[in-house]
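Only one structure is covered here, and it is reproduced in the block below.
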Amino acid sequence: MAQGMQVYQRYCSACHGPSGEGNGLAPAAAYYDPSPTNLALHGAAHAAGEYAWLIKEGNKASAMPRFQEKLDEDDIWSVVLYIRYTLADGQSGDHQH
Ligand code: HEC
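So the sequence shown is numbered by the numbering used here: it starts at 7 and just counts up by one.
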């Protein structure tokens with residue numbers, strides 16, 4: 007989980023915000039269309055495999071970058087877990103402590 011947090015803070019929080027709420031500090035983040043997803047709300051809505059795929063491939067139709075070349079499998083899966091179990095904690099109802 008600690009690894010996922012580091013990856014997230016380093017590569018993702020500029021757009022998705024420090025707690026995943028889509029309110030990143032990058033000046034451009036507010037202008038992206040579609041805007042960066044509120045991961046705290048969305049976190050548990052998708053299968054882990056879907057997230058891993060999106061993070062690797064990015065989305066050409068949006069500002070979501072691809073991380074295939076920047077992150078290894080470990081980093082990707084740790085950040086997926088971080089999103090699903092830490093950022094989305096308490097939002098989904100299907101995750102118990
Ligand atoms: C340059 C800004 C930017 C950065 C950096 C960024 N994202 Fe995104 N991300 C977006 C935008 C914009 C969207 C919404 C459009 C879309 O779904 O492609 C998005 C969507 C997503 C989604 C889809 C959520 C859903 O429910 O559909 C996930 C998951 C995600 N990002 C994870 C990450 C992770 C993990 C990182 C870091 C490794 C990251 N993003 C870095 C801009 C960014």
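Built from N, CA and C at the ideal position, the CB exists for glycine as well.
Kindly list the residues whose CB is nearer than 7 Å to the CB of SER84, restricted to its own chain and excluding five residues on each side of it in sequence; keep chain order. Cβ neighbours of SER84 within its own chain (closer than 7 Å, five residues either side excluded): GLN9, GLY10 and VAL13.
For the alpha helix (DSSP H) that contains SER84, what are its first and last residues? For SER84, the enclosing alpha helix (DSSP H) has its first and last residue at 79-88.
Residue interval of the alpha helix (DSSP H) (run including HIS52): First-last for HIS52: undefined, no H or E at that position.
Delimiting residues of the alpha helix (DSSP H) encompassing ARG16: Looking at the DSSP string, the run of the alpha helix (DSSP H) that includes ARG16 is 8-17.
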